[in-house]
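Student: For reference, each letter of the sequence shown is one residue, going 272 to 950 in the numbering used here. Glycine included, every Cβ here is placed at the ideal spot set by N, Cα and C. Handing you a structure now.
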Amino acid sequence: MLHFNDGQSEFLETASKIPIDSYWRPSPDFVICRDAQGTPSVVYGGDAWDLNPFRLKATKIRLILFNSIFDKLDAERSGLVEEVRYLLFCLLFYVRAGKLGRLSAETLNKYFSVLRMAARYCYAQKANPLIGVISLQQLFTNPAYLDGYSDWVIKNDVGETYRKGTRAMLGHIVAIGEHRLGYKLHGVFHLRFGVDDKKSNQTPVIPTRIYLGLLNSSNDWLNLLYENRHALETFLRSFESPLYGRSHKAQASLDSRISSYEPDFKQAVISHQLESVFTDDLSCSNRNNLSGAIIRIQWTLKTIIHLYTGMRDQEVMRLPYNCINDEEVSEATVDDEGVTRDDSMIVQVISTTTKFTGYRKAAAWLATDEVVRAVEVAQGICRGLSVLFHVSHDDMPLFLTPAIINYSQAKLGVSELDARNKPARLKQLELITEADFLELQASDPKRDFSLEPEFQVGSPWPFRTHQFRRSLAYYGRSSGFISLPTLRKQFKHLTTQMSRYYGNNFERLKTIFGYYDPEADDFILPKNHVLFEYQAGVPMSIAYDLLDHAFGSDSPIFGGTGTYISNQRKKLDQGDIHIVDVRKETEKLAAEGKISYKSTILGACTYSGNCEFYLLGDAGPCTTCDESIIEKDKLEAAIADDEADLALYEPGTGEYQVVKTELDRLKKFHQKFIAVVEV
């Protein structure tokens with residue numbers, strides 16, 4: 272089985288073998304890491320270290336190759352290589368960082384590149400007769416040497432990744448301590464290596480128009496792929512034959528004794544009725560570029576999962592074939608005679624681990640129909656590719672690499688869904704308009720987006736997976752967005768489920784979306800779960816909806832809150848207040864639970880509690896409520912509706928009296944406030 276784990280058990284097992292003695296050094300045959308089959312993948316004295324078994328992410332990282340530091344070795348260069356080796360060992364086992372309590376495999380790979388550059392610099396000093404070859408210990412303990420190295424890094428315009436990595440690594444080496452290193456670092460904290468310590472910006476929310484377009488476009492693609500999921504699977508299975516889908520000329524060159532030809536690629540597509548799939552972004556004309564088209568399909572499916580779950584990039588990439596589970600929200604109701612009166616309520620979740628072997632060992636996310644359908648398409652592709660690999664699909668990652676189609680020696684693993692393989696429609700889905708830019712700027716007033724080239728008007732929106740996460744948390748609570756007429760019902764259904772199951776008041780929050788920790792003997796809900804961003808995003812979305820309603824148009828508004836907003840509009844027009852100040856105060860009130868926002872028949876309501884009249888659809892009480900926002904057009908439409916309804920009922924009936932009472936209240940309000948304003 273292809274395993275995706277956090278490597279923590281491997282790490283802890285190795286760490287337990289390291290003596291407390293600070294003078295201890297690992298022997299060349301000391302095994303640092305083993306793969307899933309138990310074969311050593313990292314032996315301390317080896318020329319290559321494969322840290323992938325330690326890796327949390329599904330994608331593979333390159334090997335650490337110690338023989339790549341120098342093109343040939345002598346005593347001086349061999350000494351530098353051994354220093355690099357031991358420093359990496361120390362960084363792996365003696366530094367406490369990150370959520371796993373250690374540096375990640377990817378970070379160690381980066382620090383190897385940093386140390387390799389430093390080792391080459393040390394050897395290059397051989398050309399300086401006043402210094403000669405120096406060791407890494409000399410470089411890191413001599414302030415003059417280290418200052419010189421910093422100047423060299425800056426003058427040679429070394430990449431920012433190396434410069435930042437050098438600064439961070441030196442801080443970790445200091446933390447390792449003299450007792451393990453054998454020496455003490457001096458004069459390192461003042462060195463910047465040319466790094467500009469600018470505060471990183473928060474991931475922006477995708478503008479409404481672009482986000483809506485992506486949701487609807489992805490849904491169209493999913494519908495097409497879902498309808499053809501079975502045909503896609505059988506189509507891929509057919510490529511088990513090395514001749515299938517090739518031209519007759521290519522088949523003859525591969526098999527000189529061929530007596531009957533297999534279908535060429537065009538014939539294969541037609542016979543499986545997949546012409547509608549392999550068009551536009553997914554078009555391909557021969558077997559050689561089919562794997563690229565499959566990767567773009569996987570990109571689309573992965574994007575849909577991001578859009579509807581808020582999962583991070585590698586959380587999606589680590590999904591196994593069996594990733595959808597049913598969770599019981601409430602038990603079935605059974606009467607005294609054993610008859611089931613109400614079935615149990617089930618919600619589907621998606622997780623990076625299954626529950627087949629006991630408790631789930633990772634967090635889970637809500638899986639709406641769109642997510643389940645995207646997974647079913649991906650599963651069909653996985654089954655088809657598993658036939659080519661001659662393995663059981665149950666043991667495979669959901670996004671199995673399609674490299675096997677043309678390369679029989681391809682290794683089992685996940686697809687490389689990097690920027691090179693992204694569908695063109697995701698790269699150029701929408702060009703940023705002036706309205707998009709203004710909305711973007713309003714979402715973060717303290718940040719000047721005009722200084723950032725990727726967000727300029729006319730540029731394609733720069734999609735990042737974390738934007739999907741933040742946008743879901745934001746728009747999922749935005750009643751203004753949810754009420755858009757062009758928004759598909761699938762997203763509206765998702766927001767209903769999020770509101771029901773992602774709130775702190777849901778009693779099974781931890782057991783359904785968390786994972787069981789045997790040491791704590793309890794269910795743990797990771798602090799980076801999207802549901803926390805969803806909960807925290809409530810004040811921001813309330814403020815956005817309310818301010819958009821208040822200042823998004825010039826139409827007159829009335830009611831308790833409506834009158835206050837009208838006064839604020841006047842102050843805004845006169846320059847007495849600024850929209851940023853209004854937004855800040857509104858977010859503060861929302862965060863404190865003193866204000867809310869929901870659309871009503873007459874306009875909107877800012878009451879933060881439960882309103883029984885709102886639940887019953889009774890609009891009359893809104894006219895005397897201090898928390899109401901009443902719009903002239905909606906009030907007059909409600910009056911017209913009530914007048915039409917009244918004509919349908921017999922005078923004196925209960926229905927007639929209820930409608931008449933509401934109509935009188937609405938007309939009274941209209942006469943008292945709106946008619947006076949119009950005069």
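(1) What number of angstroms, rounded off, separates the C-alpha of THR330 from the C-alpha of ASN596?
(2) Thinking just about the alpha-carbon of each residue, which of LEU322, LEU722, GLY317 is nearest to the one in CYS304?
(3) Sort MET769, ASP707, ALA890, HIS941 by Cα distance to GLU476 and report the nearest one.
(4) Report the rounded CA-to-CA distance for PHE341 versus LEU334, giving the unit in angstroms.
(5) If you count every other CB in all the chains shown that lies within 10 Å of the CB of GLU546, and 16 or more means buried, which is it?
(6) Where does ASP551 fall in DSSP's three states?
(7) The alpha helix (DSSP H) that contains SER714, what's its start and end?
(8) Going by DSSP, what residues sit across from LEU336 in a beta bridge?
(9) Quick check on DSSP: helix, strand or coil for GLU546?
(10) When the Cα atoms are used, what is the spatial distance from LEU572 to LYS938?
(11) How many Å lie between ARG463 and ARG740 at the Cα?
(12) Within the continuous alpha helix (DSSP H) that includes GLY747, where are the two ends?
(13) LEU386 and LEU344: beta carbons closer than 8 angstroms?
(14) Quick check: the region 303-318 against the region 555-570, are at least 3 beta-carbon pairs closer than 8 angstroms?
(15) Leaving aside the five residues before and after ASN677 along the sequence, list all residues of the same chain whose C-beta is less than 7 angstroms from its C-beta, in chain order.
(16) Specify whether the region 526-543 and the region 634-642 touch according to this definition: at least 3 beta carbon pairs, one from each stretch, less than 8 angstroms apart.
(17) Quick one: grab the DSSP three-state call for ALA681.
(18) Check whether the region 428-448 touches the region 396-406, counting contact only when three or more Cβ pairs, one atom from each stretch, lie closer than 8 angstroms.
(19) In its own chain, which residues sit with a C-beta less than 8 angstroms from the C-beta of ILE566, not counting the 5 before and 5 after it?
(20) Nearest to PRO299 by alpha carbon, out of ALA307, ASP318, GLU598, THR310?
(21) With a CB to CB cut of under 7 angstroms and the five nearest residues on each side skipped, what residues in its chain are close to GLN396?
(22) Could you check if LYS381 is buried or exposed, using at least 16 other CB atoms within 10 Å of its CB as the buried criterion?
(23) Mind checking GLU504: buried by the 16 CB within 10 Å criterion, or exposed?
(24) For the putative contact between GLU647 and ARG434, defined by C-beta atoms under 8 angstroms, what is the C-beta separation to the nearest angstrom?
(25) Measuring only the C-alpha atoms, how far is VAL643 from THR437?
(26) Indicate the three-state DSSP secondary structure (helix, strand or coil) for LEU659 in the structure shown.
(27) Using alpha carbons as the reference points, say which of LEU351, TYR746, GLU914 lies closest to ALA389.
Tutor: By the coordinates alone:
(1) 24 angstroms
(2) Per the Cα distances, LEU322.
(3) Before going on, a small fix: residue 476 reads as Val here, not Glu. Comparing C-alpha distances from VAL476 to each of MET769, ASP707, ALA890, HIS941 shows the shortest one belongs to ASP707.
(4) 16 angstroms
(5) When all chains shown are included, GLU546 counts as exposed.
(6) Of the three classes helix, strand and coil, the one that applies to ASP551 here is helix, per DSSP.
(7) Residues 705-714.
(8) ALA319
(9) coil
(10) 53 angstroms
(11) 33 angstroms
(12) Note, GLY747: premise wrong, no alpha helix (DSSP H); not H, not E.
(13) Between LEU386 and LEU344, the C-beta gap is not smaller than 8 angstroms, which leaves the two residues out of contact.
(14) no
(15) Result list for ASN677: ARG558, ASN559, SER562, in chain order.
(16) no
(17) DSSP, read as helix, strand or coil, puts ALA681 in coil.
(18) Contact fails: fewer than three Cβ-Cβ distances are below 8 angstroms.
(19) Once the five neighbours on either side are set aside, the close Cβ partners of ILE566 are PRO673, SER686, GLU687, LEU688, ASN692.
(20) ASP318
(21) The answer, listed in chain order, is ILE402, GLY403, VAL404, ILE405.
(22) buried
(23) buried
(24) In this structure GLU647 does not touch ARG434 by the C-beta definition: roughly 46 angstroms separates them, more than the 8 angstroms allowed.
(25) 44 angstroms
(26) helix
(27) LEU351
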